[in-house]
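What follows is a short report on a single structure.
There are 4 protein chains.
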Amino acid sequence: MNNRFWILMLAIISLPHVLRAQDTAAHVVKYQATMNAVKYVYGAAKPVARIAPGDILDTNTIDCFGGAITKPSDTLAMAKGDNPLTGPFYVEGAEPGDTIAIDFLELTVNGPQGVGALAPGFGAINPTNYTPMLNSPLPERIWLYPIHQKEDTATFEAHDSKFSVDIPMHPFIGCIGVAPAGGEARSSIVPAEFGGNMDAPEASVGNTLYLPVNVPGGLLFIGDGHAAMGDGEVAGSAIEVPLHVRLRVTVIKGQKIDWPRFENQNEIMAAGIYRPVDDALRIAFTELVGWIHSDYGLSDLDAYELLSKVAKIHLTEMVDPNYVVIAKIDKKYLPPRKH
Amino acid sequence: MNNRFWILMLAIISLPHVLRAQDTAAHVVKYQATMNAVKYVYGAAKPVARIAPGDILDTNTIDCFGGAITKPSDTLAMAKGDNPLTGPFYVEGAEPGDTIAIDFLELTVNGPQGVGALAPGFGAINPTNYTPMLNSPLPERIWLYPIHQKEDTATFEAHDSKFSVDIPMHPFIGCIGVAPAGGEARSSIVPAEFGGNMDAPEASVGNTLYLPVNVPGGLLFIGDGHAAMGDGEVAGSAIEVPLHVRLRVTVIKGQKIDWPRFENQNEIMAAGIYRPVDDALRIAFTELVGWIHSDYGLSDLDAYELLSKVAKIHLTEMVDPNYVVIAKIDKKYLPPRKH
Amino acid sequence: MNNRFWILMLAIISLPHVLRAQDTAAHVVKYQATMNAVKYVYGAAKPVARIAPGDILDTNTIDCFGGAITKPSDTLAMAKGDNPLTGPFYVEGAEPGDTIAIDFLELTVNGPQGVGALAPGFGAINPTNYTPMLNSPLPERIWLYPIHQKEDTATFEAHDSKFSVDIPMHPFIGCIGVAPAGGEARSSIVPAEFGGNMDAPEASVGNTLYLPVNVPGGLLFIGDGHAAMGDGEVAGSAIEVPLHVRLRVTVIKGQKIDWPRFENQNEIMAAGIYRPVDDALRIAFTELVGWIHSDYGLSDLDAYELLSKVAKIHLTEMVDPNYVVIAKIDKKYLPPRKH
Amino acid sequence: MNNRFWILMLAIISLPHVLRAQDTAAHVVKYQATMNAVKYVYGAAKPVARIAPGDILDTNTIDCFGGAITKPSDTLAMAKGDNPLTGPFYVEGAEPGDTIAIDFLELTVNGPQGVGALAPGFGAINPTNYTPMLNSPLPERIWLYPIHQKEDTATFEAHDSKFSVDIPMHPFIGCIGVAPAGGEARSSIVPAEFGGNMDAPEASVGNTLYLPVNVPGGLLFIGDGHAAMGDGEVAGSAIEVPLHVRLRVTVIKGQKIDWPRFENQNEIMAAGIYRPVDDALRIAFTELVGWIHSDYGLSDLDAYELLSKVAKIHLTEMVDPNYVVIAKIDKKYLPPRKH
């Protein structure tokens, strides 16, 4: 996908329910993340910067291994922690009960190679900490993916045979979330109501992410950049990369949501994040039925029936401690938005 | 989607590993299904017709309600049974341990309207027979969908507000399966190793379905035509229609598969069919890893890693007694096929 | 447990709602099972004998390996099929919509040793056909358990260290079921609505099992005797033995049940049989709430609340294609039975 | 169960691997909990008291509703938060990588009545936040349970019919846990690796609980006393009571465990805490196999086989955000402990 096209599109769209500053006029908050200042939990922490609604945040993320894996001979034990997070960013005016809207303006891979890894105890079809088995674990493995910025690709190179293939890049942010409700603090490998390690390719240029605000300022964290990822992230990693990130944060006052949501010009999308996948799906679809009912005016039963005919399901990952299902409907199937 | 385009494409493709008769020269077996001859289980039964490998089967399916629902005032109690099946068809030369390949040549909606229904005890976000709850059931509801053949659409009309919208048609066969292994006979509402009620939009023109042969002749059954369906079929029904069906059946001697598979020009696709969705996904991906390994030569671990970067997941339904996940990879990411 | 004590108790009890012939006067139907006549599916089949309500059936079961495993050097490949079933027995007067009640009068281990086996692809904490993983399978293993009839024990002997220990016997029938509804035929390794491979230690002397009747005569099958088993049957086998079996079958006319139930002097017990365990539990408890409501007169919500305070849960197995949860309540916590 | 018997038994037992001060000589740390000082997350917080290994902690817990429900007309909205926690207690000498052992010496119901509640969105067979459905919720309901200290019972009184019955008390602590690893802070309604809302009747007099230490001092929290509870806690509550609590805390230096464990004179017990129940069971049994292997010397496969013959499973709750399975084996089936 051509990012410039989407940036142009974004300049043209004006989603009706949110006031946004003009891109050209927007204040830009710059913050340079380093391993010295990263966090490993979503929760209360001293903000690294403050953003006013409509500001553009220009920052970067370090890869999920803390940049520790650079050669074929490196091992996962060299990573100091999983998913180091840039932030938190304090969003001025965001109060519990509000929603913050994040527009992904630009995501660029920030280095010459990505990393894929088979980590014993992590993956959808090998035993894990939460689906343990007595069998011998799969061996640890590292794959390096050369990044080709011009071609917009990363290259998979097989270990056990002579084969390589280019994969188109679709840069997105694997970890994006806020401080959880109720005084909780959650690990950077966990996705849940507060967002977090959703590994959702929807967290990319052209889309808006909505997150519930649970504490004053919201406290936004980002990390775990991906150059590309398959549905389910089944072996436990994407093409893991550092990212340069430009995004805009807006506050929707007085609108409470229970789970993360995405939106773009064409679709509304509700995330359900739990285990098993069955329950993640149930959360996503009850949220989407509720969204259609409240914003588009269909009755719950009409919305349910319509989704049975036209919904899309994206199972983003089944490898983190919670699983993520995103239920979607194309807006062309909906009545005009009520407000 | 324009069916003629795909028919043309099919004439051009020649998947290398299966011998197929020329379409033009093919023998056509015609069979007219009626409610007098339908079956409600996949299992041993007197064949209604015999097909030679390469023959074209020209037949029809009755809708999942046995055609009983025609007016808004009709009730689900009027349906005599769920998913009446056309068949079985005996495929000459198919023996246990073989695989049958089914090319979907033409699927046409065979009537003026489709039916959607909310059946208490059926659905992804209401209690069911297998996820029962103490709450009052949702009310039974029927939606009728006028079919517009020229426009290739069916129309959703809301019950509780003035709203209607056209949905593009994508006709496919919800139920397609063979007699199960081990002398089992399974209800027409169940999908499993033998195929069955997979509710897979992949069972449509342009694709090939592979099913394991468990008994002499395979004994192919089809039914439950859909004009269109959302991922997950969440409220329990698609746009339910009778279909006119043309498909071609081929036998792949000596190739044993454990679960249904799909293929088209661009993709190989492995189905996993069980509960919870987690396990359906595990089945689909272990099958797909095995398929890539045996036919394309990547090691299991390389295949696993590659899928983590480029796989697609289609959760076709989460409402039948077993759930269906189809794991896919684009062939452009694979080495040349070995055989 | 001393079987004679229970036989005595049974002679004393007379559950009020079922007419039973006096044990002393009862007609005894004898049937000797052999491998030549066993079945491997629950479904329509020519009855091997007919039983009138109140008759005592005196028969035997062959072990789950068909008696093929007798020495340490034997392998699972030597078993011709899993869970050979004795039967079916046609119960006179049993019609669809009725319930049959089975009193277990006497179960005796019918041989000098039992067998335990680790079968790759079977078990709760190793990959299986329905929870597959890429890891190397566990190795196949056979343990033999000498039976000591006088001491009422079987001996576990460790393979990898010098250790042995005696396990008290609790003989029960792992497989007991009837022909399924809707013309289905199900494998002898599957438990479901029709009973089947429930691996429930509740299927033992002192208890009554209720099964729904789906076809005329019910068609009762039994097999898969166990000398003892742990909750969950986690490694995939119990102490597998042939049994001598004496049981009495009664018909409860016009009483329809949806899932198997057990009862003894002290408890009523509802079985839920599906996947995941969560759903098996939901089935068991909604059944038990319904039973309490209809037979003991508590409202659904009072029954639900009371169960939250005093219920017992028995997870009998989590290794077969469906899992089994039995929800129980002691009758001392219930109002007098209404009928 | 007579608590004095167990206190006596505890005086007699001396589990060989842990040094414990003599009960008679033990220092007693007294702490009076009030709603002013309760916590609602397991995590870093200023200790309310410090305990030396071997000390006896004499304290109390407030009921899960914060004592807000006292009359039939009270509503759940009156509770300020769920499961207010007493603590944290700093255990001297406990360092990350150690284990703390908690002996339950005395638990006494601390008030004249208990409370049961049906809270919409909480329960095993009604929709919840994590298994949501579109159906109307069950109504909120409160049941009050008069406590009879002399008879050691609490009385269930039906709402919808004239029926009451006495339930024997088995007082235990529903919430007991330490600060989680990795800087997380978890809600008092969640059980997980750190213990927490396990709702395990095993947390009672006569048993020892082992918890992993993740931060200096461990930071022990307790709350959510129960007078009695059914397996599964299916409707979402036990007989909820305030408790007077006496327990002794010991530190086992250098012994790391991954999940909570229980032990008494007769049994070792491993807890698995996650969703679905299938995975909770897998965790519990892999932990128990590992425990048997390391402390009793059986090989993993021998331990697995033996558990398949003699294990006990206790599903304590299926209503909290994670579910709890405790896998047990009687020590009489094990070789002598190695150390």
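Residue numbers (our numbering), protein chains in the order written: chain A, 52 to 390; chain B, 52 to 390; chain C, 52 to 390; chain D, 52 to 390.
Here a beta-carbon is modelled for each residue, glycine too, at the ideal position from N, C-alpha and C.
Indicate whether A362 (chain B) and G287 (chain A) have their beta-carbon atoms separated by less than 8 Å.
No, these two residues do not count as a Cβ contact at 8 Å.
For Q73 (chain D), which three-state DSSP category applies?
Bear in mind that a pLDDT of 49 at Q73 (chain D), under 50, signals an unreliable position, so the number given afterwards is only what the model happens to contain. Coil, per DSSP.
Can you give the Cα-Cα distance for I176 (chain D) and I334 (chain A), rounded to whole angstroms?
Taking the straight line from one Cα to the other gives about 16 Å.
For the region 184-203 of chain C and the region 372-387 of chain C, state whether three or more C-beta atom pairs, one from each stretch, are separated by less than 8 Å.
No, the region 184-203 of chain C does not touch the region 372-387 of chain C.
Expressed to the nearest angstrom, what Euclidean distance is found between the alpha-carbon atoms of I113 (chain C) and I224 (chain C)?
Roughly 11 Å between the two C-alpha positions.
DSSP on W194 (chain D), reduced to helix/strand/coil?
Reduced to three states, the DSSP call for W194 (chain D) is strand.
Measure the alpha-carbon distance for P386 (chain B) versus M220 (chain A) and round it to whole angstroms.
Going by the C-alpha atoms only, they are around 20 Å apart.
Could you name the residues of chain A that K389 (chain B) contacts, counting a contact when the two beta carbons are closer than 8 Å?
Going along chain A, no residue has its Cβ under 8 Å from K389 (chain B), so there is no contact; the nearest lies around 11 Å.
Mind checking whether V376 (chain B) and L332 (chain B) have CB atoms under 8 Å apart?
In this structure, L332 (chain B) lies closer than 8 Å to V376 (chain B) by Cβ.
Would you mind reading off the limits of the alpha helix (DSSP H) that contains F245 (chain D)?
Here F245 (chain D) belongs to no alpha helix (DSSP H), and DSSP marks it neither H nor E.
How is F336 (chain D) classed by DSSP in three states: helix, strand or coil?
Of the three classes helix, strand and coil, the one that applies to F336 (chain D) here is helix, per DSSP.
Indicate whether the contact test is met: 3 or more Cβ pairs, each with one atom in the region 156-175 of chain C and one in the region 155-169 of chain A, closer than 8 Å.
No: fewer than three Cβ pairs fall under 8 Å.
Determine the chain A residues that contact V340 (chain D) at a beta-carbon separation under 9 Å, and present them in chain order.
Simply L185.
Does the beta-carbon of E356 (chain A) have 16 or more other beta-carbons within 10 angstroms, so that it is buried, or is it exposed?
With 16 or more other Cβ atoms within 10 Å, it is buried.
What residue from B:A76, B:Y91, B:F336 and B:A354 has the CA that sits closest to L271 (chain B)'s CA?
The residue with the shortest Cα to Cα distance from L271 (chain B) is B:Y91.
Is it true that the CB of E253 (chain C) sits closer than 8 Å to the CB of V166 (chain C)?
No; because the gap between Cβ atoms is not below 8 Å, this pair is not in contact.
Along chain E, which residues have their Cβ under 7 Å away from the Cβ of R101 (chain B)?
In the structure shown, chain E does not exist; the protein chains are A, B, C and D.
Can the beta-carbon of S212 (chain C) be found less than 8 Å from the beta-carbon of G268 (chain D)?
Not a contact, by the Cβ cut-off of 8 Å.
In chain order, what residues of the same chain lie with their CB nearer than 7 Å to the CB of I273 (chain D), ignoring the 5 residues before and after it?
Only T112, L136, T137, G138, I224, C226, I227 and V296 meet the Cβ criterion.
Using DSSP with H/G/I as helix, E/B as strand and the rest coil, what is M86 (chain C)?
Looking at M86 (chain C) - three-state DSSP - the assignment turns out to be coil, as it is neither helix nor strand.
Shorter than 8 Å from the beta carbon of A251 (chain A) to some beta carbon of chain B?
No, A251 (chain A) lies away from the interface with chain B (no Cβ there is under 8 Å from its Cβ).
List the residues of chain C that L189 (chain A) touches, going by C-beta distances under 7 Å, in chain order.
Chain C residues near L189 (chain A): L185 and N186.
Note down the Cα distance separating L260 (chain D) from A279 (chain B), rounded to an integer number of angstroms.
The straight-line gap from Cα to Cα measures roughly 56 Å.
Roughly how many angstroms lie between the CA atoms of G148 (chain C) and V302 (chain C), to the nearest whole one?
Cα-Cα distance, rounded: 11 Å.
To the nearest angstrom, report how far apart V285 (chain C) and L108 (chain D) are at their CA atoms.
If you take the alpha carbons of V285 (chain C) and L108 (chain D), they lie about 39 Å apart.
Using the Cα positions of R237 (chain B) and A232 (chain C), report the straight-line distance between them to the nearest angstrom.
Their backbone Cα atoms lie some 10 Å apart in a straight line.
Confirm, please, whether the CB-CB distance from S239 (chain C) to N248 (chain C) is below 8 Å.
Yes. Within cutoff.
So for A168 (chain C), helix, strand or coil by DSSP?
Reduced to three states, the DSSP call for A168 (chain C) is strand.
Report yes or no: is there a C-beta of chain D within less than 8 Å of the C-beta of I377 (chain C)?
Not closer than 8 Å to any Cβ of chain D, the Cβ of I377 (chain C) fails to qualify, so no.
Keeping to the same chain, check which residues put their C-beta closer than 7 Å to that of P372 (chain C); ignore five residues upstream and five downstream.
Excluding sequence neighbours, P372 (chain C) sits near Y181, I240 and V241.
Who are the near neighbours of P197 (chain A) in its chain, counting only those whose CB is closer than 6 Å to its CB and skipping five residues on each side?
Excluding residues within five positions, the ones whose Cβ falls inside 6 Å are Q164 and T206.
On the DSSP letters alone, give me the boundaries of the beta strand (DSSP E) that L294 (chain D) sits inside.
Looking at the DSSP string, the run of the beta strand (DSSP E) that includes L294 (chain D) is L294 to I303.
Just how far apart, CA to CA, sit D330 (chain C) and E244 (chain C)?
Looking at the two C-alpha atoms, the distance is approximately 13 Å.
Along the region 209-239 of chain B, what residues have a CB closer than 8 Å to any CB found in chain A?
Here the close residues are A209, H210, D211, S212, F214, V216 and I218.
Quick check: is the beta carbon of I176 (chain C) nearer than 8 Å to any beta carbon in chain A?
Judged by the 8 Å Cβ criterion, I176 (chain C) is in contact with chain A.
Between I120 (chain A) and V300 (chain A), which are expected to be in contact by the criterion C-beta below 8 Å, what is the C-beta distance as a whole number of angstroms?
Actually they are not in contact, since the Cβ atoms of I120 (chain A) and V300 (chain A) sit about 31 Å apart, beyond 8 Å.
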